[in-house]
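Under the numbering used here, the sequence shown is numbered contiguously, ending at residue 242. Have a look at the structure below before the remarks.
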Amino acid sequence: MTPRILFIEDEPAIREMVELALTRAGYEVTTAHDARGARSRLSERFPDLILLDWMLPDSSGLDLARQLRRDTQTRSIPIIMLTARDAESDMVLGLESGADDYMTKPFSPRELVARIKALLRRSNPRRADEIFEHHGLRLDTASQRLTANGHEIRLGPTEYRLIRFFMTHPERVYSRAQLLDHVWGRTAYVEERTVDVHIRRLRKALEPTGHAAFIETVRGSGYRFHPHP
């Protein structure tokens with residue numbers, strides 16, 4: 014799956030430069046020019062990493078970073094803080110607010126891409142191995158095989174994409190609309206109830222090995238992958 018980057022920056026020239034560099038590097042980039050826009054993007058889709066400018070027109074990037082760290086659904090998303098401030102005290106303040114890394118402007122797009130790659134490897138080392146495992150349920154994305162306690166589970170293509178998304182994003186609640194966006198894509202015109210049909214099929218495939226309960230229905234919100242013994 015292509016890593017998704019949310020870039021929050023109010024300067025159009027910097028936003029365009031970084032978006033172009035990241036797109037060329039193979040990332041899927043979404044942008045916002047202020048904190049309000051960032052929250053709107055997050056309500057639509059969670060990124061794999063956030064690039065956050067310190068100074069935003071409606072809020073401080075520090076405040077937004079703290080809010081993201083307090084929210085259970087966003088606290089694990091890696092954050093790189095971008096700023097023109099280069100004093101050591103500013104760097105410490107940025108990291109203490111919740112940022113995982115800190116870059117001062119002006120910066121090299123190549124260095125930024127390298128920092129992003131390194132942070133993504135640290136935050137999710139299993140991604141490089143393409144193996145995801147939760148209590149006997151094992152997904153090998155290279156061979157596209159799902160096994161449960163050593164036994165292969167055969168899935169249709171949509172059910173496979175669903176379980177892959179769930180297993181790579183455990184414990185977060187996703188609405189039907191968000192699952193359509195993540196699994197089917199924004200260009201697909203599919204009714205939300207279609208999600209329920211494929212969830213039922215996926216649970217049925219997981220029932221014989223006792224893993225169907227990993228996919229929980231969260232009343233009024235959507236679905237969550239909650240692996241447990």
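Note that beta-carbon positions come from the ideal geometry of N, C-alpha and C, so glycine has one too.
Considering only residues of the same chain and omitting the five flanking positions on each side of residue i, which have a CB-CB separation below 8 Å?
i: Ser73; result: Trp67
Given residue i, which residues of its chain have a CB within under 7 Å of its CB, disregarding the five upstream and five downstream residues?
i: Ile228; result: Phe179, Ile212, Leu215, Arg216, Tyr236, Phe238
i: Thr171; result: His211
i: Val42; result: Ile18, Phe20, Glu32, Leu35, Thr36
Give me the DSSP bridge partner(s) of residue i.
i: Asp66; result: Leu95
To the nearest angstrom, how far is the alpha carbon of residue i from that of residue j?
i: Phe120; j: Val31; result: 10 Å
i: Pro240; j: His148; result: 7 Å
i: Pro16; j: Thr230; result: 26 Å
i: Ile93; j: Ala218; result: 40 Å
i: Asp153; j: Thr85; result: 27 Å
i: Thr222; j: Gly50; result: 43 Å
i: Gly198; j: Leu106; result: 38 Å
i: Ile176; j: Leu159; result: 9 Å
Indicate whether residue i and residue j have their beta-carbon atoms separated by less than 8 Å.
i: Ala155; j: Glu143; result: yes
i: His224; j: Leu150; result: yes
i: Leu19; j: Pro60; result: yes
i: Pro183; j: Leu133; result: no
i: Ala45; j: Ile21; result: yes
i: Leu55; j: Thr87; result: yes
i: Ser102; j: Arg79; result: no
i: Ile129; j: Leu62; result: yes
i: Gln191; j: Arg58; result: yes
Taking the alpha carbon of residue i as the reference point, which residue from the options has its own alpha carbon closest?
i: Val126; options: Val186, Leu64, Ala48; result: Leu64
Taking 6 Å as the limit between beta carbons, can you name the residues of its chain near residue i, skipping five residues before and five after?
i: Pro138; result: Any answer about Pro138 is weak, because its pLDDT of 48 lies below 50 and its placement is not dependable; what the coordinates show is given next. Closer than 6 Å at Cβ, skipping near neighbours: no residue.
i: Arg189; result: Glu205, Val208, Gly235
i: Arg185; result: Gln86
i: Glu29; result: none
Quick one: is the Cβ of residue i within less than 7 Å of any heavy atom of the ligand ATP?
i: Leu168; result: Absence of the ligand ATP from the depicted structure is noted, as is the absence of any ligand whatsoever, leaving it without description.
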